[in-house]
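Residues 0 to 168 (numbering that gives the first Met the number 0) are what the sequence shown spells out, left to right. Only one structure is covered here, and it is reproduced in the block below.
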Amino acid sequence: MAYKDPENTLILETTKGNVAIELFPDLAPGHVARIKELAREGAYDGVVFHRVINDFMAQTGDVKFGKQGGASFNPARAGMGGSDKPDLKAEFSNVNHKRGTASMARSQNPNSANSQFFICLADAPWLDRQYSVWGQVVEGMDVVDLIKKGEPVVDPDSIVSAKIAADVK
């Protein structure tokens, strides 16, 4: 598929199929830069979807404890880690958390987002202006719907590879 801005399109190859996310660098420049940096480093490759709640969201991106084959992989701790990069300053906006929205996960501290993110499976207006939205699924939302549910997920699905469309030959 031809994407309107390949430099700002994230392609997730998951164990259920491919998902394309249009990135919003104007909305959340720091978060988009981090997502692209981690994708280009291969940090997201093998990372599990550790928390997937029906009619809410699918969460992934723990590159420390959630990366299968990684030195610190620990399914019981997936969701508690991040990357070795500094946490990000919040970039909250008026963009609503609707089905297909990609947004950054964080702790109670608004400036604690690091590598984890979630994709909304349904509209989640209570998250609006409290989490940094950085993208929107433009292809493969049906794939996201197939990701195994659970909190935590037993035998979870994962990101096989995460790439920026401009880098895919």
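We put the beta carbon where it would ideally sit given N, CA and C, even for glycine. Owing to the predicted nature of the structure, the values given are computational and were not obtained by experimental measurement.
In the three-state scheme derived from DSSP, where H, G and I count as helix and E and B as strand, residue 105 is classed as coil.
By the criterion of a C-beta distance shorter than 7 Å, residue 57 is surrounded in its chain by 48, 51, 117, 118, 120, 143, 146, once the five residues flanking it on both sides are discounted. Taking all protein chains shown into account, residue 113 has 16 or more neighbouring C-beta atoms within 10 Å of its C-beta and is therefore buried. Short of 6 Å from the beta carbon of residue 111, and not among the five residues preceding or following it, lie these beta carbons of its own chain, in chain order: 86, 105. Burial state of residue 39 is exposed, judged by a 10 Å Cβ sphere holding fewer than 16 other Cβ atoms. Inter-residue distance for residue 77 and residue 46 is about 9 Å (C-alpha atoms, whole angstroms). As the crow flies, the alpha-carbon of residue 13 is around 9 Å from that of residue 44. Residue 115 places its beta carbon 8 Å or farther from that of residue 69. Selection 100, 55, 162, 7 evaluated against residue 149 yields 55 as nearest (Cα-Cα). Three or more beta-carbon pairs drawn from the segment 19-33 and the segment 129-136 are found closer than 8 Å, and the two stretches are therefore classed as touching. By the Cβ-count criterion, residue 83 is exposed, with fewer than 16 other Cβ atoms from all chains shown falling within 10 Å of its own Cβ. Cβ-Cβ distances below 6 Å link residue 11 to 18, 158, 161 in the same chain, with the five nearest sequence neighbours on each side left out; the list follows chain order. The DSSP-derived three-state label of residue 140 is helix. Annotation for residue 12: the continuous beta strand (DSSP E) segment containing it runs 8-13. Taking a contact as a CB-CB distance under 8 Å, the pair residue 7 and residue 22 counts as one, their CB atoms being some 4 Å apart. Secondary structure of residue 31 (DSSP, three-state): helix.
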